[in-house]
Amino acid sequence: MSRTDVWRPDDKAAPTPVAPGSVYREDILETIEQTIKNLDDELRALSMDIHDHPELRYEERHAHDALTAFMESHGFNVTRHYHLETAWLASFTHGNGGRTIGINSEMDALEGVGHACGHNLIAIAGVAVACAIKAAFEKFDINGKVELLGTPAEESGSGKVKLLDAGAYKNIDACLMCHPAPGPIGSVSLSSCLALERIQVEYFGHTAHAALSPWEGKNALDAAVLGYNNISALRQQLRPTHRVHGIFEGKDWAPNIIPDYAKFICFVRAPTRAEQQQTMKRVLPCFEAAALATGCTHKVTSLGATYDLRQNKALGNEVAHIACSKYGQVDYEWGIKSASTDFGNVTYALPSLHPGFAIPSIVDGGNHTPGFEKAAATVAAHHACLDVSKALAATGVRVVIDDEFYAEVRKTFEEDKTVRDLV
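Residue numbers (the numbering used here): 6 to 428.
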């Protein structure tokens, strides 16, 4: 796409042309840019500190302490261990009344490959946006509030879903965050992502000596393998945008003993939550058939669901306009559109935006690879992170001060919700 085209993938109309040029309240954007420039060295040090101390889901204690100390030192009211042990809230209020803009900072890493999804960059992006909005509130005497949530366990732990259920987002009028990915350098992506449900299928059989008396057994591993193969056959009849994949797990297995227990952990994904639920209806009989064929019993347990990103059109167009005017280009052909994130659930609950920003990586060095882990520590990635942070901060301030703009944000959210409900 060209840098002047701003649209959503599910729009029926042609792209809305947005020409590069002046942005809303240039004076506010200049303050945001100067604030982030002044914080550059501190943000870089914070990013590298988190990158050098990778922590898995719900174990982000070092990141929790480093980020809360940073926010406290920059004048924010900090609540540590906010609803969850490693979650936190940093808030700043100026004046009386006004809207509340929310921001998210992720912190967790991946087992074996550290910050190979660049959450060190997501962490400092949230910090940069919050600090820049605070500076704008103070300089221009803006009534409003900014809330930065430190959200743990995005990788498989669905930390934001738990925070959402606990009420952490209840006072936020709109929420913003961003995510790195390989893509055209200098560009921002407003793609969606895949809705996901994680399921655990347990098979229960009967053990027996595999050579002496195999007829006495009911092979739970055979059941799991059949379930896997049934899924493989089903894939031929699924849409190419849908994903079903998983692994086996067992306990006390030995080659001469028929296993009486096996576990199949399976992920089911689709472009929207509604589509994912329809595909799930076709997946579940695959597991049941495997149990029937082997004489085993089975139990299906949901391990949690995350939704597709419902990128708010008004927020997206504003970020796109700022990015195209000041920092680069916008498209929908990369980002995390074939991955999943727990921020999707937030976008279903309130007006939200989750743009991707491109960082340079090696060939085949996308998210969740060692190459991307190295890329997330580069200076080029740091600069790309700060550029998208400026656009998000300016958009966040506009949410607070421009009633007409916020009315459009709410209108597009309600329209999108109506479309979802009709599917």
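Glycine is no exception: its CB is placed at the ideal position from the N, C-alpha and C atoms. Keep in mind that this is a model prediction, so the values were computed, not measured.
Rounded to whole angstroms, the gap between the alpha carbons of SER110 and THR212 is 48 Å. For PRO375, there is no enclosing beta strand (DSSP E); the residue is found in the alpha helix (DSSP H) stretching over 375-380. About 5 Å separates the Cβ atoms of VAL351 and SER357, confirming a contact at the 8 Å cut-off. Look at ASN350 here: in three-state DSSP terms it is helix. Beta bridge pairing from DSSP links GLU111 with THR156.
According to the DSSP assignment, THR306 belongs to the beta strand (DSSP E) that extends over 302-311. Looking at the DSSP output, ASN82 shares a beta bridge with SER96. Taking the C-beta atoms as reference points, CYS183 is found nearer than 7 Å to ALA130. Judged by their CB atoms, ASP347 and GLU159 are nearer to each other than the 7 Å cut-off.
Per the C-alpha coordinates, the member of PRO375, ALA200, LEU226 positioned closest to LYS256 is LEU226.
The beta-carbon distance between VAL324 and THR400, rounded to whole angstroms, is 5 Å. This is short enough to meet the 8 Å contact definition. In this structure, the beta-carbon distance from ILE108 to ALA135 falls below 7 Å. The criterion of a C-beta distance shorter than 7 Å is satisfied by PHE362 and ALA389. Taking 4 residues as the minimum length, the alpha helix (DSSP H) runs contained wholly in the segment 153-193 are 164-170, in order along the chain.
Judged by DSSP in its simplified three-state form, GLU116 adopts coil rather than helix or strand.
Separation of the CB atoms of CYS271 and VAL206 is rounded to 6 Å, and the pair is thereby assigned contact status at 8 Å. With fewer than three CB-CB distances shorter than 8 Å, the segment 232-244 does not count as touching the segment 311-331. DSSP places SER237 in the helix class (H, G or I) of the three-state scheme.
Beta-bridge annotation (DSSP): LEU358 is paired with LEU181.
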